[in-house]
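In what follows, a single structure is set out as structure tokens and then discussed.
Number of protein chains: 2
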Amino acid sequence: MTASTSDRPALDLATIVSTAVRLADAEGLERLSMRRLAQELGVQAMSLYHHVPNKENLLDRMVDAVYAEVDKPAARGPWREAMARRARSAREVLNRHRWATPLMDSRREPGPSTLGHHEAVLDCLRVGGFSVALAAHAFSLLDAYIFGFVLQEQALPFESPDEARAVATAIGEQMGDAYPRMTEMLTQHVLKGDYDYALEFDYGLELILEGLEQRYNAALDGSPATITATSTTTTGGKR
Amino acid sequence: MTASTSDRPALDLATIVSTAVRLADAEGLERLSMRRLAQELGVQAMSLYHHVPNKENLLDRMVDAVYAEVDKPAARGPWREAMARRARSAREVLNRHRWATPLMDSRREPGPSTLGHHEAVLDCLRVGGFSVALAAHAFSLLDAYIFGFVLQEQALPFESPDEARAVATAIGEQMGDAYPRMTEMLTQHVLKGDYDYALEFDYGLELILEGLEQRYNAALDGSPATITATSTTTTGGKR
DNA sequence: ACCTGAACACCGTTCAAGT
DNA sequence: ACCTGAACACCGTTCAAGT
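Here the protein sequences come in this chain order: C and H.
Going left to right, the first sequence walks through residues 8 to 246 as this note's numbering numbers them.
Going left to right, the second sequence walks through residues 8 to 246 as this note's numbering numbers them.
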């Protein structure tokens, strides 16, 4: 498992970060210690501090590496499809790197991939005709939903609709009649198979996108001032 | 600060949990160790293990204590106002217990207050006329938004609109022109004072509630079968 | 410049022992 | 029943020393 000391491939920042990501993927964040990571790299723990100031900074870089995997929306093309695609990509990436989900929204030092991603999202919305204010709303709302949903999803004690039914049966039996509405949901919804977390994600995502589109259209109809203010961007935006 | 050994008030589970919550509120979750908590209680670290099996279980109980502070929606009365009130209450409570936010959605052992809260939410929606399926969607969507938003909010490097403007100025200067859309948002939106995170929360919340209401009404109009199926609950629901 | 060994000040938890 | 002291197997990080 551990790389041998002889053929270790010249420790550098990139390999440290990618090894850390791989280790967290495989064994979870709580098992990622500086000592354990160093061992995986065939090196002493203290060598890491030559490339990284501390563990927090390493976590920042790991989160940025995850952001780099998320599809960036293209500036051209319809914003609604671009936002939907980006949201689904983010969910998929976070489910490949479960340790990252609680960290994504809470890092104070965004890296270049994070900033580049955010910039691309804003650019897509603004080129698509969103006012600055509406773009801010859209950004906040979509990101809150995406990360909140995935956090929720990953806390569930099952990973597939089949497992969900098995767990629901077990819980339903032990819960008795103290929580009739939760029991009802388990028996009439989850157990009937009307339950798929990928569909659940899309339901909320489409509801939000629809709401944003309504407000987008209302701004187009209602206030020509807004249109004029953004139209320079709409026609002038280029890659 | 530390309670003296003489007048320590008979260690029990309730005081352990409430002291842990107070300690985490005051100094953050990373400073809450079993040793530190014991010290605060005027007791040896190992005494805690007589009341709590391990630290994870203590965290479960702390999260449940936070859930107990969130307003439960009443079963009677309009669902939309009840859901809005609960969402704002949750945000407020989480901002009093910042350490809890990343934990709320990710605990695997829900306590009685957590289950009671979820039950009350489902009951309010079902009594209000939601089908089981629509109640499931509403629950998932609202919770994802609430926790995702607060997580995002708490990661921001400022706590007031005034601080936000100060930070935006500093960031704007150091960012240069690498991220024009983000710069634009800082200068034209945040710095103009059009930026208040409480309003931002309400914007997304109302958008989601409006979307749910549209789907609720569509179900009432479109499929009389759904109405019949839920109407027994609507009339039969009692506290 | 890059890596290391020993040490410091911590962790959560087990265990045998005290009252 | 409830609490404790010592110990185990860990942490992140500092520091002085090696090459």
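Backbone N, C-alpha and C define an ideal beta-carbon position, used for all residues, glycine too.
Interface residues of chain C around residue i at Cβ under 8 angstroms?
| i | result |
| --- | --- |
| Glu99 of chain H | The contacting residues do not exist; Glu99 of chain H stays about 16 angstroms from chain C at best. |
| Ala162 of chain H | Asp112, Ser113, Arg114, Arg115 |
Residues of chain H with CB closer than 7 angstroms to the CB of residue i, please, in chain order.
| i | result |
| --- | --- |
| Phe137 of chain C | None at all; the shortest Cβ gap to chain H is about 11 angstroms. |
| Leu148 of chain C | Gly211, Leu214 |
| Ala140 of chain C | His196, Asp201 |
Along chain C, in chain order, which residues have C-beta atoms closer than 9 angstroms to that of residue i?
| i | result |
| --- | --- |
| His144 of chain H | Glu207, Tyr210, Gly211, Leu214 |
| Tyr152 of chain H | Leu148, Ala151, Tyr152, Gly155, Phe156, Gly211, Ile215 |
Residue i versus chain H: which residues are under 8 angstroms apart at the beta carbon?
| i | result |
| --- | --- |
| Gly218 of chain C | Leu214, Ile215, Glu217, Gly218 |
So which residues of chain C does residue i contact, with C-beta pairs closer than 7 angstroms?
| i | result |
| --- | --- |
| Pro109 of chain H | Pro109, Ser113 |
So residue i packs on residue j, CB below 8 angstroms; how close in whole Å?
| i | j | result |
| --- | --- | --- |
| Gly155 of chain C | Ala151 of chain H | 4 angstroms |
| Ala153 of chain C | Leu214 of chain H | For the record, residue 153 of chain C in the displayed sequence is Ile; it is not Ala. Not really, about 15 angstroms apart at Cβ, beyond 8 angstroms. |
| Met192 of chain H | Leu129 of chain C | 6 angstroms |
| Gln159 of chain C | Ser147 of chain H | 7 angstroms |
| Arg83 of chain H | Val134 of chain H | 7 angstroms |
| Leu273 of chain H | Leu48 of chain H | Because chain H is modelled from 8 through 246, residue 273 of chain H falls outside the range shown and cannot be assessed. |
| Ala94 of chain H | Leu149 of chain H | 6 angstroms |
| Ser77 of chain H | Val100 of chain H | The sequence shown places Val at residue 77 of chain H, rather than the Ser named in the question. Contact flag correct, Cβ pair sits at about 5 angstroms. |
| Arg68 of chain H | Ala162 of chain C | Their Cβ separation, rounded to whole angstroms, is 17 angstroms, which puts Arg68 of chain H and Ala162 of chain C out of contact at 8 angstroms. |
| Trp106 of chain H | Ala31 of chain H | 4 angstroms |
| Leu122 of chain H | Leu66 of chain H | Wrong, their Cβ atoms sit about 17 angstroms apart, outside the cutoff. |
| Asp71 of chain H | Ser113 of chain H | Rounded, the Cβ-Cβ distance is 14 angstroms, inconsistent with contact. |
| His125 of chain C | Met182 of chain H | Going by Cβ atoms, the distance from His125 of chain C to Met182 of chain H rounds to 12 angstroms, so no, they are not a contact pair. |
| His196 of chain C | Ala143 of chain H | 6 angstroms |
| Ala127 of chain C | Phe137 of chain C | Contact flag wrong, Cβ pair sits at about 14 angstroms. |
| Thr176 of chain C | Leu212 of chain C | About 29 angstroms; that fails the 8 angstroms criterion. |
| Leu55 of chain H | Leu44 of chain H | 7 angstroms |
Problem set entry | Every unbroken beta strand (DSSP E) inside the region 13-89 of chain H [3 residues or more] | none
Exercise. Which residues, in order along the region 181-207 of chain H, keep a beta-carbon less than 7 angstroms from a beta-carbon of chain C?
Worked result: Tyr186, Arg188, Met189, Glu191, Met192, Gln195, His196, Asp201, Glu207
Problem set entry | Near-chain H residues of the region 121-135 of chain C - C-beta to any C-beta below 7 angstroms | Leu122, His125, Glu126, Leu129, Asp130, Arg133
Exercise. For the region 58-85 of chain C, which residues have a beta carbon sitting closer than 9 angstroms to at least one beta carbon of chain H?
Worked result: For the region 58-85 of chain C, the set of positions with a beta-carbon nearer than 9 angstroms to some beta-carbon of chain H is empty.
Exercise. Quick one: complete alpha helix (DSSP H) runs, 4+ long, within the region 87-175 of chain H?
Worked result: 108-111, 119-134, 139-162
For this session: Identify each residue in the region 39-56 of chain C for which the Cβ-Cβ distance to at least one residue of chain H is less than 8 angstroms, and report them in chain order.
Result: none
Exercise. What runs of the alpha helix (DSSP H), each 4 residues or longer, lie entirely inside the region 202-236 of chain C?
Worked result: 204-229
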